[in-house]
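Undergrad: This is the structure I have questions about; it appears just below.
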Amino acid sequence: MNLAGQSRPPEPMRALEIDLAQMAGLVESQLAESISAFERRDVGAAERIIAADQRVDAFHQLVETKVMALLSRGPLAAAQLREVMTFMKVAGELERVGDLAKNVAKRTLVVSREPPPRPYSGVARMGRESLRQIADILNAYNARNLAAAKAVWGGDDELDELYNSVFREILLAMMEDPGQVNACTHLVFIAKNFERVGDHATNIAEAVHFLLTGSALVHERPKGDETSLTKVPAPDTENRGGGRSA
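Numbering of the sequence shown is given in the numbering used here, commencing with residue 232 and proceeding in unit increments.
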């Protein structure tokens with residue numbers, strides 16, 4: 232957004248843009264590396280991701296401090312105020328995505344000690360989809376592309392539906408092999424972390440819409456998470472050799 236010619240010099244805004252761009256790049260990298268560490272069951276990479284999360288927190292605090300300093304200088308034009316408030320909103324959402332990447336890395340340390348359960352690949356697919364959504368919304372924000380932001384907002388249910396499928400697969404795996412209950416429990420949390428990444432991408436999309444239009448998205452947010460309604464299927468004891476003989 233071109234702020235030249237408006238009432239306030241653009242330099243503080245540009246400094247914030249640079250800080251936020253660096254934070255976004257770091258968070259996207261953290262998420263990508265956490266997915267890779269999970270897929271490869273790479274303990275060393277997971278530990279590096281956990282240690283690097285403090286850099287994300289530091290960027291978040293830096294953006295907040297600069298925003299408060301800018302607001303304290305006096306009233307801003309409406310467009311500038313939307314820009315500054317969007318900086319705050321996006322930084323907050325990115326910080327949470329960084330936390331989720333760290334959480335995935337922490338659980339990777341545990342699941343990597345055990346044989347991978349069958350749903351492992353489905354959870355990894357969720358991770359890749361969540362990364363795509365974050366990359367798409369950050370590109371939309373950088374380009375100030377309203378149509379692209381609305382596309383991300385409208386596509387959130389795709390990740391929810393994938394989560395529903397993976398959740399059911401994990402439940403079945405736990406029932407069929409009680410020895411995998413521990414690993415599968417961690418997979419549930421990892422899958423939920425990836426689903427929440429999609430929620431934060433949607434939140435950023437709503438912030439971009441407000442930035443570019445000055446109004447909130449009034450439509451009902453697309454949601455497809457039905458795991459709270461999932462019924463636990465009865466185990467197929469006959470096929471497992473546990474059924475009664477006729």
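All C-beta atoms in this analysis are idealised placements derived from N, C-alpha and C, irrespective of residue type, glycine included.
Once DSSP output is grouped into helix, strand and coil, what is the label at Arg373?
TA: Counting from 1 along the sequence shown, the entry for residue 373 is found at position 142. In the sequence under discussion, the amino acid at residue 373 is Asn, which differs from the Arg named in the question. Helix at Asn373.
Undergrad: Pairing CB atoms from the region 305-322 with CB atoms from the region 396-414, are three or more of them under 8 Å?
TA: no
Undergrad: What residue range is occupied by the uninterrupted alpha helix (DSSP H) comprising Ala445?
TA: Within the sequence shown, the letter at position 214 stands for residue 445. Strictly speaking, residue 445 in this sequence is Gly, with Ala absent from that position. Boundaries cannot be given for Gly445, as no alpha helix (DSSP H) includes it and DSSP labels it neither H nor E.
Undergrad: Compare the Cα-Cα distances from Arg399 to each of Val342, Val419, Ala382 and Asp388 and report the closest residue.
TA: Start at 1 with the first residue of the sequence shown, and residue 399 comes out as number 168. Measuring from the Cα of Arg399, the nearest candidate turns out to be Val419.
Undergrad: Helix, strand or coil: how does DSSP classify Ala268 here?
TA: Translated into the one-based positions of the sequence shown, residue 268 becomes position 37. DSSP, reduced to helix, strand and coil, places Ala268 within a helical segment of the structure shown.
Undergrad: Could you check where the alpha helix (DSSP H) with Leu390 kicks off and where it finishes?
TA: Position 159 of the sequence shown holds residue 390. That run of the alpha helix (DSSP H) goes Asp387 to Glu407.
Undergrad: Out of curiosity, what's the CA-to-CA distance linking Ala283 and Ala263?
TA: Along the sequence shown, read from residue 1 onward, the residue named residue 283 stands at position 52. Along the sequence shown, read from residue 1 onward, the residue named residue 263 stands at position 32. A straight-line Cα-Cα distance of about 13 Å links Ala283 and Ala263.
Undergrad: Going by DSSP in three states, Asp467 sits in which element: helix, strand or coil?
TA: Stepping through the sequence shown from its first residue, residue 467 is reached at position 236. At Asp467 the pLDDT is 49, less than 50, meaning the model places this residue with poor confidence and gives no usable figure here.
Undergrad: Do Ile368 and Ala436 have their C-beta atoms closer together than 8 Å?
TA: Mapped onto the sequence shown, residue 368 falls at position 137. Mapped onto the sequence shown, residue 436 falls at position 205. Using a Cβ distance threshold of 8 Å, Ile368 and Ala436 count as a contacting pair.
Undergrad: What residue does the alpha helix (DSSP H) around Ala300 start on, and which one ends it?
TA: Indexing the sequence shown from 1 puts residue 300 at position 69. That run of the alpha helix (DSSP H) goes Val274 to Leu302.
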